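Residue numbers (the UniProt record's numbering): 1 to 381.
Here is the structure we will look at.
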């Protein structure tokens with residue numbers, strides 16, 4: 001008797017701009033011919049999952065890659081001061097207008113209902129009233145995605161009936177448990193990784209908050225790994241290491257996609273997709289056998305403010321310089337592309353004019369020849 005193929009679920013984690021890491025992984029996985037029977041996504045992972053589930057071909061993945069390579073920070077976070085001031089003054093529930101993120105979804109999602117996907121899609125959100133995980137598997141795709149990516153306090157919660165839905169990452173950032181409950185035998189997880197260099201101190205408040213956010217998101221994945229590794233075939237694709245990109249920075253998608261793609265290709269070549277014995281290593285793994293006992297000693301003073309300011313000004317200047325250079329290169333590329341297109345249009349127009357002129361000349365000549373023939377016949381008569 002033939003052995004039954006395992007029911008495979010692809011699970012896409014949340015992580016804002018780090019969703020680009022998942023795209024590189026997915027491209028490598030799909031190129032190898034691996035497919036899913038079910039797709040689960042949380043936060044930005046729900047957007048990746050929604051695009052993959054609708055078109056699970058390599059062409060579909062390349063379209064997803066193209067979208068990510070074009071995304072700018074302002075495509076997600078609207079640069080408006082009116083919305084936060086208005087909502088703070090009127091005791092509102094969010095700081096950032098959903099206008100840009102809604103536009104991004106509508107421009108790239110070519111269907112209106114979750115049920116229209118080729119592969120069953122399950123989108124994770126959180127009911128902020130109860131703390132319950134809500135899995136959306138039917139209904140309006142735009143509203144489902146806005147709920148799943150709705151970071152509390154930043155984006156507008158989505159009111160659906162008696163529920164007030166926000167980002168699914170609050171309760172289930174990598175919904176392995178949902179995949180198992182719905183019958184998956186094999187669960188392939190696309191994690192966001194750790195966007196910093198280990199043993200390197202955070203340079204400012206933003207980096208401390210980002211690192212805190214990443215540890216919290218990955219802690220649950222570590223717990224789920226220990227809980228489900230012996231119950232299903234659990235595969236966690238290893239993210240690339242030492243990526244110094246924050247989840248708020250959408251300008252580095254090219255780097256994230258390329259690094260994760262190469263990393264996943266190497267992992268696949270070593271048989272990683274079928275190796276269920278490899279351990280998932282996580283710096284905040286409290287379920288490992290290691291216990292870090294340490295002695296409390298007198299603390300050292302922090303670095304002087306002048307030194308901190310100088311370092312951060314240098315970093316901001318370098319980032320700004322890189323961003324401007326990238327923008328210039330993109331504009332130059334667009335200019336050359338439009339120039340070539342204009343040349344092509346001029347050439348096409350010239351050909352059309354020449355063809356039209358030639359056809360007109362032929363018609364005139366034919367008409368002239370007919371008139372001449374008639375005159376000649378009259379003379380003979």
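No residue lacks a Cβ here, since even glycine has one placed at the ideal position from N, Cα and C.
None of these values were measured; they are calculated from a predicted model.
Query                                                                                                                                                  : Result
Rounded to the nearest angstrom, how far is the Cβ of residue 190 from that of residue 10, given a contact under 8 Å?                                  : 7 Å
What is the C-beta distance between residue 177 and residue 224, in whole angstroms, given that I count them as a contact (C-beta under 8 Å)?          : 6 Å
Please classify residue 106 as buried or exposed, where buried requires at least 16 neighbouring CB atoms within 10 angstroms.                         : exposed
So is residue 112 buried or exposed if we call it buried at 16+ other beta carbons inside 10 Å?                                                        : exposed
My output table needs one value for residue 213: the three-state DSSP class, helix, strand or coil.                                                    : helix
How big is the Cα-Cα spacing for residue 151 and residue 343?                                                                                          : 47 Å
Could you tell me which whole beta strand (DSSP E) segments of length 3 or greater appear in the segment 140-172?                                      : 158-160, 163-167
If you run the structure through DSSP and keep just helix, strand and coil, what is residue 49?                                                        : helix
Can you give the Cα-Cα distance for residue 135 and residue 171, rounded to whole angstroms?                                                           : 11 Å
If I measure Cβ to Cβ from residue 12 and keep anything under 6 Å in the same chain, skipping five residues before and after, which residues do I get? : 22, 41, 45, 48, 49, 190
In three-state DSSP terms, what is residue 224?                                                                                                        : helix
Please report how far the alpha carbon of residue 186 lies from the alpha carbon of residue 125, in whole angstroms.                                   : 23 Å
Find out if the Cβ-Cβ distance for the pair residue 156, residue 143 is shorter than 8 Å.                                                              : no
Tell me which residue opens and which closes the alpha helix (DSSP H) that residue 258 is part of.                                                     : 253-269
Please report the distance separating the alpha-carbon of residue 248 from that of residue 129.                                                        : 26 Å
What is the residue span of the alpha helix (DSSP H) that residue 180 lies within?                                                                     : 176-181
Using the C-alpha atoms, what's the distance from residue 347 back to residue 340?                                                                     : 10 Å
Answer with buried or exposed for residue 331, where buried requires no fewer than 16 other C-beta atoms within 10 angstroms of its C-beta.            : exposed
Answer yes or no: do residue 258 and residue 24 have a C-beta to C-beta separation smaller than 8 Å?                                                   : yes
Since residue 183 contacts residue 14 with CB under 8 Å, what's their CB separation in whole angstroms?                                                : That pair is no contact at about 23 Å.
Does the separation of the CB atoms of residue 228 and residue 166 fall below 8 Å?                                                                     : no
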